[in-house]
Each structure stands twice: as structure tokens, then as C-alpha cells.
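Please read the structure below before turning to the comments.
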Amino acid sequence: MNKRGIIVGLNKDNQVDYTESMVELENLCEACDIQVVAHMVQNAKKINAKYYIGSGKLEELAYLRAVQEIDIVVFNNELSASQIKNIEDEIGCRVIDRTVLILDIFGERAKTREAKLQVEVASLEYALPRLIGANENLGRQGGGVGTKNKGAGEKKLELDRRQVEEKIAALNKELEKLKGQRTTQRNKRRKSHLPTVALVGYTNAGKSTIMNRLVSQFNKGEEKLVFEKNMLFATLETSVRSIKLPDHRAFLLSDTVGFVSNLPHHLVKAFRSTLEEVCEADLLIHVVDLSSPHYKKQIEVTNETLKQIGAEHVPMIYVYNKVDLIDELEMDSIEQEGIKISAKQNRGMEALIETICEEIFAEYIKTQLFIPYKDLNLISKINEDCMVKGQAYKEEGVVLDIECMTTYADKYRDYTRV
Numbered sequence: 001m002n003k004r005g006i007i008v009g010l011n012k013d014n015q016v017d018y019t020e021s022m023v024e025l026e027n028l029c030e031a032c033d034i035q036v037v038a039h040m041v042q043n044a045k046k047i048n049a050k051y052y053i054g055s056g057k058l059e060e061l062a063y064l065r066a067v068q069e070i071d072i073v074v075f076n077n078e079l080s081a082s083q084i085k086n087i088e089d090e091i092g093c094r095v096i097d098r099t100v101l102i103l104d105i106f107g108e109r110a111k112t113r114e115a116k117l118q119v120e121v122a123s124l125e126y127a128l129p130r131l132i133g134a135n136e137n138l139g140r141q142g143g144g145v146g147t148k149n150k151g152a153g154e155k156k157l158e159l160d161r162r163q164v165e166e167k168i169a170a171l172n173k174e175l176e177k178l179k180g181q182r183t184t185q186r187n188k189r190r191k192s193h194l195p196t197v198a199l200v201g202y203t204n205a206g207k208s209t210i211m212n213r214l215v216s217q218f219n220k221g222e223e224k225l226v227f228e229k230n231m232l233f234a235t236l237e238t239s240v241r242s243i244k245l246p247d248h249r250a251f252l253l254s255d256t257v258g259f260v261s262n263l264p265h266h267l268v269k270a271f272r273s274t275l276e277e278v279c280e281a282d283l284l285i286h287v288v289d290l291s292s293p294h295y296k297k298q299i300e301v302t303n304e305t306l307k308q309i310g311a312e313h314v315p316m317i318y319v320y321n322k323v324d325l326i327d328e329l330e331m332d333s334i335e336q337e338g339i340k341i342s343a344k345q346n347r348g349m350e351a352l353i354e355t356i357c358e359e360i361f362a363e364y365i366k367t368q369l370f371i372p373y374k375d376l377n378l379i380s381k382i383n384e385d386c387m388v389k390g391q392a393y394k395e396e397g398v399v400l401d402i403e404c405m406t407t408y409a410d411k412y413r414d415y416t417r418v
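So in UniProt numbering, spot 402 of the sequence shown is number 402, and the numbers just go up one at a time.
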């Protein structure tokens with residue numbers, strides 16, 4: 001049974017786009033099985049240190065909670081441990097903030113060992129400073145004075161903190177091992193000399209649907225489809241698939257975790273290693289949900305997050321998805337250049353593939369090399385640098401049909417067959 005909830009926001013300095021943030025918070029609540037029955041926003045120039053919102057708003061919140069039989073109150077802003085405790089004492093029900101909500105969703109969606117570890121690390125790092133805040137009175141229990149004669153509460157606090165820090169360190173150590181495994185896998189893929197393309201964008205923009213459409217179209221059941229569902233953060237793990245084109249060219253396509261506004265810093269930090277796929281891609285496909293009334297803001301958030309993880313230098317094309325859900329007039333109002341598609345209805349996918357190929361194969365050429373038998377040791381190096389499409393043994397050497405970037409073609413120009 002869904003919990004009944006109220007969402008609360010404090011709009012500091014009257015931000016014009018704050019309503020969008022509250023709508024998104026409601027969507028996040030729905031993803032956590034919380035039925036939002038009321039919204040409350042306070043416009044204020046400063047934050048109330050004790051309750052975050054003003055005392056008048058707090059009284060209004062307490063009244064609403066009682067009348068509407070509310071189970072949980074969700075704040076759009078990050079709260080301290082003492083603020084959460086103070087609000088709960090006043091209104092008599094559980095209080096969480098946006099960060100906890102997102103962490104809960106990530107925890108629910110995490111499927112792989114790595115994703116589960118990343119969410120656990122982010123949750124513990126969020127909890128650590130709040131552990132101190134929630135127990136700040138413990139240090140005065142037991143009459144302890146100074147460092148040599150600590151009270152029982154203070155000792156417990158130190159022990160709790162140390163245990164959490166040790167747990168974080170142990171989890172990070174395990175994550176480093178998994179990161180090493182992924183680096184090895186990425187290096188193996190790099191040796192194939194296939195260009196890499198990464199799907200990025202806001203959560204639920206349709207990245208996984210696009211990937212599955214391309215896999216189904218070009219790979220004819222050879223590759224497994226990725227999980228897709230119309231819900232926030234359906235994908236937490238980076239999935240990589242090889243897309244094999246009819247002309248025998250190929251590229252690697254990766255599906256990545258979606259972004260959201262005010263994504264908790266702890267989560268960005270925890271998932272940074274997973275997002276390395278994005279930073280090392282040859283091309284980013286920025287997928288935009290055109291049916292969202294807030295798609296322009298979502299573009300801004302995605303671009304800002306890409307900047308945070310160091311991926312702003314990677315070439316990018318915009319793909320406006322879900323055109324089947326909007327009218328022509330709305331489509332004509334798009335300012336940013338890009339490709340308009342409906343992955344669900346398979347509209348515009350040919351144009352998408354053409355654009356991807358134009359971008360990633362622009363510096364690729366096909367050529368033929370003749371390697372004399374005396375230089376056969378070169379062939380292993382050529383295999384590392386180029387895609388060898390075919391080879392034929394002749395009387396005096398080996399003829400190789402290769403496809404590679406112009407820089408590698410120049411490297412072997414002395415062996416180019418005219």
C-alpha cells in the first residue's frame with residue numbers, strides 16, 4: 001500500500017523554475033510508492049536553522065499532516081539531522097529529504113554488485129555527518145570531560161563514526177577492484193578499434209529504448225537487450241553492446257545512468273567510475289524527452305552533470321525523443337539543432353544512424369596494405385591499430401584490407417597498395 005505524503009519546498013530568493021523542481025520531486029515520490037496528497041512551498045530569503053521552514057509554515061504542515069493522515073513528509077532541500085529530528089518532533093511523522101528519496105530509489109533499482117556497492121557508499125557518506133548531528137547530545141552523557149575521561153555517549157559516537165568510516169573504506173576497496181575489472185574490459189574493447197558511442201540524458205528520456213531499437217535492428221538477436229521501463233532510474237548500470245552495420249562497419253554503444261536535477265553529490269561521486277564510459281566515448285548521444293514540459297531545463301541539468309564528470313570535451317549530438325507525443329508546432333519551436341525521433345515507434349532511427357556514422361567514421365578510411373613476408377611481424381601491430389577486414393596470402397607477401405583512422409593509414413603508408 002502506498003504511503004501518503006506531503007512534499008515541502010523552500011524557494012530561496014524566488015527562483016522562477018522552482019515549480020519544475022517540485023513537480024520532479026513528486027515524480028520521485030511516485031517512484032518510491034509515495035502518494036503525494038499535498039504540496040507546500042515557502043518563499044523566503046533565508047533558511048530557518050532549527051526547522052528549515054518558518055514556524056508559521058511548520059504549524060500549517062503539522063495541521064495538514066493531521067487532517068490528511070500523512071505518513072511521510074518529503075523536503076525538496078537537503079536537511080541536517082537536527083532539522084529532521086526537530087520537524088519530526090513537531091509534526092509527529094517521518095521526515096526525509098530529496099537526497100534520501102533518490103538514494104532509496106537507487107537502492108531499489110540497483111541490480112549488479114557494483115551498483116549496490118556504489119549506492120551503499122553514497123548512503124553511508126550522506127549518513128556520516130548526520131550521525132554526529134543526530135547524536136550531538138551524547139557527548140554530554142556520562143559526565144565525561146576532555147579526551148582522557150570521555151562519557152559513554154561520546155565513546156559510542158566515536159565508535160559509530162569509526163565503524164561507518166571503516167565500512168566506507170572497505171566498500172571503496174571492493175569498488176576499486178571492480179573498477180580495475182571494468183578498465184580491463186574497456187582496454188580489450190579499445191583494442192578492437194571500434195568507435196564508442198554513449199547514450200546520455202535525463203532519467204526516463206528513452207536511452208534504453210533507443211539502444212534496444214538499434215540492437216534489434218542491426219544485430220538480429222545476437223546481443224541481449226537492456227532493461228527498459230517507463231520509470232525513473234530504470235538503468236543504473238552501464239551496458240555496452242556492439243552495433244554491426246550492413247556495410248560491415250561497427251561501433252560500441254553504451255547505455256548509462258540517467259541524470260536528475262540536484263543529483264546528490266555523494267551519488268555523482270560514487271557513480272563516477274561507472275560514468276568513465278561517458279568520458280572516454282568518441283561521441284555522446286544526448287537523448288532529450290521532448291514530451292516533457294521541462295525539457296530545456298533537463299538539457300541544462302544533463303550538460304552541467306557532464307561538465308561535473310569531465311565529459312564536456314566529448315563531441316555530442318542532440319536526439320529529441322518521443323516526438324509521437326507532441327504536435328508539429330511544438331517540434332518547430334526547438335532551438336537546438338538535433339535529430340527528432342520516436343524510438344518507441346521506430347521513427348527517425350535511420351537519420352540517427354546516418355548522423356552517428358558521419359560523426360564517428362569521418363576520419364576513417366578503407367585502404368589495402370601489402371606486407372612482405374620479411375615484415376610479417378608488423379601484422380600483429382596492424383591488428384592492434386586497425387580493423388582488418390580481410391587478408392590474402394600472395395607469392396611475396398600478405399595483402400590486408402583494412403579500415404582505420406587517417407593517422408594510422410599514414411603510419412603504414414609505405415605498405416599501402418596503390
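Idealized CB from N, CA, C, for every residue including glycine. Given the structure is predicted, the values throughout are model-derived calculations rather than measurements.
| Item | Value |
| --- | --- |
| Only counting runs of 4 or more residues, tell me where the alpha helix (DSSP H) segments fall wholly within the region 371-410, in order along the chain. | 378-385 |
| Note the first and the last residue of the continuous beta strand (DSSP E) segment covering I72. | I72 to F75 |
| From D247, V240 and N346, pick the residue whose C-alpha is nearest to that of F361; which is it? | D247 |
| With DSSP collapsed to three states, give me the class of I309. | coil |
| Report yes if the C-beta distance between G9 and V41 is below 9 Å; otherwise report no. | yes |
| Can you grab the Cα-Cα spacing for the pair F106 / R162, in whole Å? | 25 Å |
| Which class does I243 belong to by DSSP, given the choice of helix, strand or coil? | strand |
| Compare the beta carbon distance of D97 and L79 with 9 Å and say whether it is the shorter of the two. | yes |
| Under a Cβ-count criterion, where at least 16 other Cβ atoms within 10 Å of its own Cβ denotes burial, should I365 be classed as buried or exposed? | exposed |
| Buried or exposed, going by whether 16 or more other CB atoms sit within 10 Å of the CB of A170? | exposed |
| Which same chain residues end up closer than 6 Å to E88 when comparing Cβ atoms and leaving out the 5 residues on each side of it in sequence? | V95 |
| What would DSSP say about R413, mapped onto helix, strand or coil? | helix |
| Starting from H266, trace the alpha helix (DSSP H) both ways and give me its first and last residue. | H265 to A270 |
| Within its chain, find whatever has a CB closer than 7 Å to the CB of K344; leave out the 5 residues flanking it on each side and keep chain order. | T209 and D324 |
| With G56 as the anchor, note down where its alpha helix (DSSP H) starts and where it stops. | S55 to V67 |
| What does the Cβ neighbour count give for N346, buried or exposed, with the cut at 16 atoms within 10 Å? | exposed |
| Is it buried or exposed for T407, if we count other Cβ within 10 angstroms and need 16 for buried? | exposed |
| Can you give me the Cβ contacts of E335 inside the same chain, cut-off strictly under 6 Å, excluding the 5 residues immediately before and after it? | none |
| Just list the residues that DSSP pairs L369 with in beta bridges. | L400 and T416 |
| Smallest Cα separation from L283: which of K177, L194 and I72? | L194 |
| Tell me which residues share the same chain as S254 and place their Cβ nearer than 6 Å to its Cβ, disregarding the 5 neighbours each side in the sequence. | A198, T238, V240 and E277 |
| Could you tell me whether the region 285-303 touches the region 314-324, using the rule of 3 or more Cβ pairs below 8 Å? | yes |
| What separation, rounded to the nearest whole angstrom, lies between the Cα atoms of I317 and I379? | 36 Å |
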